[in-house]
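Chemist: First to last, the sequence lines map onto chains A and B. Going by this note's numbering, the letters in the first sequence line up with residues 1 to 361, in that order. Going by this note's numbering, the letters in the second sequence line up with residues 362 to 722, in that order. Below is the structure I would like to discuss, written out as structure tokens.
2 protein chains.
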Amino acid sequence: MRGEPQSFDRVLSSMCTEPHPVAREAAARFLATNPGDPGTYPTIATLELEAIERLGEVAGLEEPAGYVASGGTEANIQAVRIARERADLERPTVVIPASGHFSFRKAAALLQIDLREVPTDDDHRVDLAAAKAAVDEDTALVVGVAGSTEYGRVDPIPELGELARSVDALFHVDAAWGGFVLPFTDHRWDFSDAAIDTMTIDPHKMGQAAVPAGGLLVRDESLLDALAVDTPYLETTAQATLTGTRSGAGVASTVAALAELWPGGYAAQYERSRANASWLAARLEELGYAVVDPDLPLVVADVPDRAIDACRDEGWRLSRTGAGELRIVCMPHVTRRMLEAFLGDLERVSQSLEIPVPGDD
Amino acid sequence: MRGEPQSFDRVLSSMCTEPHPVAREAAARFLATNPGDPGTYPTIATLELEAIERLGEVAGLEEPAGYVASGGTEANIQAVRIARERADLERPTVVIPASGHFSFRKAAALLQIDLREVPTDDDHRVDLAAAKAAVDEDTALVVGVAGSTEYGRVDPIPELGELARSVDALFHVDAAWGGFVLPFTDHRWDFSDAAIDTMTIDPHKMGQAAVPAGGLLVRDESLLDALAVDTPYLETTAQATLTGTRSGAGVASTVAALAELWPGGYAAQYERSRANASWLAARLEELGYAVVDPDLPLVVADVPDRAIDACRDEGWRLSRTGAGELRIVCMPHVTRRMLEAFLGDLERVSQSLEIPVPGDD
Chain A
1 MRGEPQSFDR
11 VLSSMCTEPH
21 PVAREAAARF
31 LATNPGDPGT
41 YPTIATLELE
51 AIERLGEVAG
61 LEEPAGYVAS
71 GGTEANIQAV
81 RIARERADLE
91 RPTVVIPASG
101 HFSFRKAAAL
111 LQIDLREVPT
121 DDDHRVDLAA
131 AKAAVDEDTA
141 LVVGVAGSTE
151 YGRVDPIPEL
161 GELARSVDAL
171 FHVDAAWGGF
181 VLPFTDHRWD
191 FSDAAIDTMT
201 IDPHKMGQAA
211 VPAGGLLVRD
221 ESLLDALAVD
231 TPYLETTAQA
241 TLTGTRSGAG
251 VASTVAALAE
261 LWPGGYAAQY
271 ERSRANASWL
281 AARLEELGYA
291 VVDPDLPLVV
301 ADVPDRAIDA
311 CRDEGWRLSR
321 TGAGELRIVC
331 MPHVTRRMLE
341 AFLGDLERVS
351 QSLEIPVPGD
361 D
Chain B
362 MRGEPQSFDR
372 VLSSMCTEPH
382 PVAREAAARF
392 LATNPGDPGT
402 YPTIATLELE
412 AIERLGEVAG
422 LEEPAGYVAS
432 GGTEANIQAV
442 RIARERADLE
452 RPTVVIPASG
462 HFSFRKAAAL
472 LQIDLREVPT
482 DDDHRVDLAA
492 AKAAVDEDTA
502 LVVGVAGSTE
512 YGRVDPIPEL
522 GELARSVDAL
532 FHVDAAWGGF
542 VLPFTDHRWD
552 FSDAAIDTMT
562 IDPHKMGQAA
572 VPAGGLLVRD
582 ESLLDALAVD
592 TPYLETTAQA
602 TLTGTRSGAG
612 VASTVAALAE
622 LWPGGYAAQY
632 ERSRANASWL
642 AARLEELGYA
652 VVDPDLPLVV
662 ADVPDRAIDA
672 CRDEGWRLSR
682 TGAGELRIVC
692 MPHVTRRMLE
702 AFLGDLERVS
712 QSLEIPVPGD
722 D
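Okay, here's the thing in structure tokens:
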């Protein structure tokens, strides 16, 4: 076939990464299996139970239930769907920080529920007072973000959990990206810290599994009942997943990555990524750019559009926040050397195009 | 990692199969790419355009639009969603043969639309008179099945298309399994034969691509607009897929399989599968079982539950129709030798357990 997959050596924009070699190997071996049909493919179905057990360990949940989804979008959609079915309201609402991932807007359109967006504070975390004002008897779900897509910020999860309880709503935490770094921080974010009902935690992001491997965890298995439909002509009788046929590669690579990396390997990767983010933030500040102080390994800086475009022309894959800032995700494939090369290019193009640094006088 | 993926040598129940070697190789190479983020992963995004072009050729559509979905379930959900958004009805209904796949029930629950199920005739195809009686001004979508999951039957597609037009509804054809064998039959089933708006046609079934590779084709690209949500922090601005991050493996293996097998390789596989199905049907009749005459390569026979269970104990992966009949899908991995071994086991367990053959006197 024509075309080689590109290398990751200029990708600074993605929340996915190169799978760990053991994850890649497991994915290739299980390419032809389907955990969506456990009667026909029992080996991969058993591995999925193991994947959920291991994800529960990462997320502080002792008797975890859930499944390996196609990605964080599916997991977020399913969490909203569980809440809609459970609430039985005429027009259920979901209270969500403005920093929530766009997949919740997809879920709202799909499921015909209303999103009530709560503003964030100056540090890009949800404004708790505004969240309190937003919940009411129509609230089916409160969402908290543990590692936001734009700024890598963690909402006050325990407080949001209490807020959800106060109006008998479910509480969902989106840790799609953050879930594999947060265990090594002081943040309170997991099932043991707060009254969390459902969580998105994606092995194919910081977990270094192969796409497609999203994670949906639920505190109580009965929450999945709202999703189940009957399945004639399969050997099993009900299916709670959004998709039907599913990827055995994603499931197998999740188990392989977790067996290899949890917890020591992930802890070491977190330290490397955090050090890179701190270094990058400091260097960008030295160059005169306004930088959002990184918490998790994600750096945002106010770099002019023209400079970003010129770096893209050099082959760098870059993305922006909604406010137009440069956003660099320090994934496992992002090395110090890559960041040095990027900064070199950024300086060079800025000088040659005479692009002023916004913070300069 | 513990556990090896099982072999396919006793799998008679699945509509998935071993990927073709070129598809497997392409999937392994593109494991770390994400067509859901085309700005970051342009190579796989270009390959997806090629996949859709090639799928259009299979399905008789000259300027195809669509995308490679996680599977037939996602494609069917999206087709229903397109129709719901377009219709703008208080309570839109979907008119669907009783032989429709259970993913439409999943779609109905998810999207809160009503399914109006139309009975099938004695040959397991939709009853056209009943379909005519079922459509009205609330009909947003009519569904036709081109290769049903249970009996491998093809509904009268052109007539259903006209029926949909007559009430200004969209017309969707589910050719998830049938799409890669129907081009070699006399059936009228594709975009050039009928007023089809949307179609499900899955490369990871008879197309011999690797999971996850479903296909959604739409006659007019504007139909996808109903699905689009804005995408901040990606380099592209809108996303019409149900999932976010997607599998590059599925896309790459689709292109590889189609480049290798369309049309000659698929035609040859169809002939082999059809010959196996005819042979199996004849042998089962000789053994005294009532057999549903196979059209596409899928054989249904009235085999007692106890015999099915005893064969399962021998390691055979078998499934049943809703009516309880044995259902064997003659996928590419199903060889004559496998079927001979299965029939040998079926005869042996039936004799040793003294299970009577239903048709016997």
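Backbone N, C-alpha and C define an ideal beta-carbon position, used for all residues, glycine too.
(1) Cutting at 6 Å between CB atoms, please list the residues of its own chain near G417(B), excluding the five before and the five after it.
(2) Where does A275(A) sit, in a helix, a strand or coil, going by DSSP?
(3) Go through its chain and collect everything with a Cβ distance to A83(A)'s Cβ below 6 Å, but skip five positions before and after it.
(4) Along the stretch 330-356 of chain A, where does the CB come closer than 8 Å to a CB of chain B? Name the residues.
(5) Can you tell me the Cα-Cα spacing of R306(A) and T40(A), whole angstroms?
(6) For the beta strand (DSSP E) that contains L687(B), what are its first and last residues?
(7) Work out the CA separation of N34(A) and L216(A) for me, nearest whole Å.
(8) What are the residues that DSSP puts in a beta bridge with I457(B)?
(9) With distances taken Cα to Cα, identify the nearest neighbour of S634(B) among D475(B), T454(B), I689(B).
(10) CA-CA distance, E221(A) and W189(A)?
(11) Reducing DSSP to helix, strand and coil, say where Q600(B) ends up.
(12) If I measure Cβ to Cβ from L588(B) and keep anything under 7 Å in the same chain, skipping five residues before and after, which residues do I get?
(13) Flag T481(B) as yes if its beta-carbon sits less than 9 Å from any beta-carbon of chain A, otherwise no.
(14) What are the residues of the stretch 387-404 of chain B that lie near chain A, defined by any Cβ-Cβ distance shorter than 9 Å?
(15) Alpha carbon to alpha carbon, how far is G66(A) from Q473(B)? Give it in angstroms, no decimals.
(16) By alpha-carbon positions, which one of R336(A), D186(A), R348(A), E137(A) ends up nearest to S278(A)?
(17) Note down, in chain order, every chain A residue with its Cβ under 7 Å from the Cβ of F463(B).
(18) Against chain A, with Cβ distances strictly below 9 Å, would S431(B) count as a contact?
(19) Using alpha carbons as the reference points, say which of E25(A), P42(A), T243(A), E62(A) lies closest to S70(A).
(20) Over what stretch of residues does the alpha helix (DSSP H) that includes F342(A) continue unbroken?
(21) Check this for me: beta carbons of A28(A) and A618(B), under 9 Å apart or not?
(22) Which residues in the same chain have their Cβ closer than 7 Å to the Cβ of V167(A), if we skip the five residues on either side of it in sequence?
(23) How many angstroms separate the CA atom of A570(B) from the CA atom of P297(A)?
(24) Where does S253(A) sit, in a helix, a strand or coil, going by DSSP?
(25) Which residues in the same chain have their Cβ closer than 8 Å to the Cβ of R466(B), if we skip the five residues on either side of it in sequence?
(26) Using a Cβ cut-off of 9 Å (strictly closer), state whether I438(B) contacts chain A.
(27) So K467(B) contacts chain A; which residues on that side make the cut at Cβ distance below 7 Å?
(28) Where are the beta strand (DSSP E) runs, 3 residues long or more, that stay fully inside the stretch 365-453 of chain B, in chain order?
(29) Starting from F465(B), trace the beta strand (DSSP E) in both directions and tell me its first and last residue.
(30) Can you list, in chain order, the residues of its chain whose CB lies under 6 Å from that of A98(A), leaving out five sequence neighbours each side?
(31) From G344(A) to K205(A), what distance separates their C-alpha atoms?
(32) May I have the straight-line CA-CA distance separating L645(B) from C691(B), to the nearest angstrom?
(33) If you follow the beta strand (DSSP E) that I215(A) is in, where does it begin and where does it stop?
(34) Using a Cβ-Cβ cutoff of 9 Å, what residues of the stretch 200-230 of chain A are near chain B? List them in chain order.
(35) For a contact defined as C-beta to C-beta under 7 Å, what are the partners of E137(A) on chain B?
(36) Only counting the same chain, and skipping five residues up and downstream in sequence, which positions put a Cβ closer than 7 Å to that of R10(A)?
Modeler: From the atom records:
(1) P425
(2) helix
(3) A140, L141, L170
(4) none
(5) 54 Å
(6) 687-690
(7) 18 Å
(8) E478(B)
(9) I689(B)
(10) 20 Å
(11) strand
(12) Q439, R442, I443, A601
(13) no
(14) A387, A388, A389, R390, F391, L392, A393, T394, N395, G397, D398, G400, T401, Y402, P403, T404
(15) 23 Å
(16) R336(A)
(17) V229, D230, T231, P232
(18) yes
(19) T243(A)
(20) 336-352
(21) no
(22) V135, D136, E137, T139
(23) 37 Å
(24) helix
(25) L476
(26) yes
(27) V229
(28) 426-430
(29) First-last for F465(B): 464-472, but that is the alpha helix (DSSP H), not the beta strand (DSSP E).
(30) E117, P119, T120
(31) 27 Å
(32) 14 Å
(33) Rather than Ile, the amino acid found at residue 215(A) in this sequence is Gly. G215(A) -> beta strand (DSSP E) spans 214-218.
(34) D202, H204, K205, A210, V211, P212, G214, L227, V229, D230
(35) What E137(A) touches in chain B: nothing, since even the nearest Cβ is about 21 Å away.
(36) G315, W316, R317
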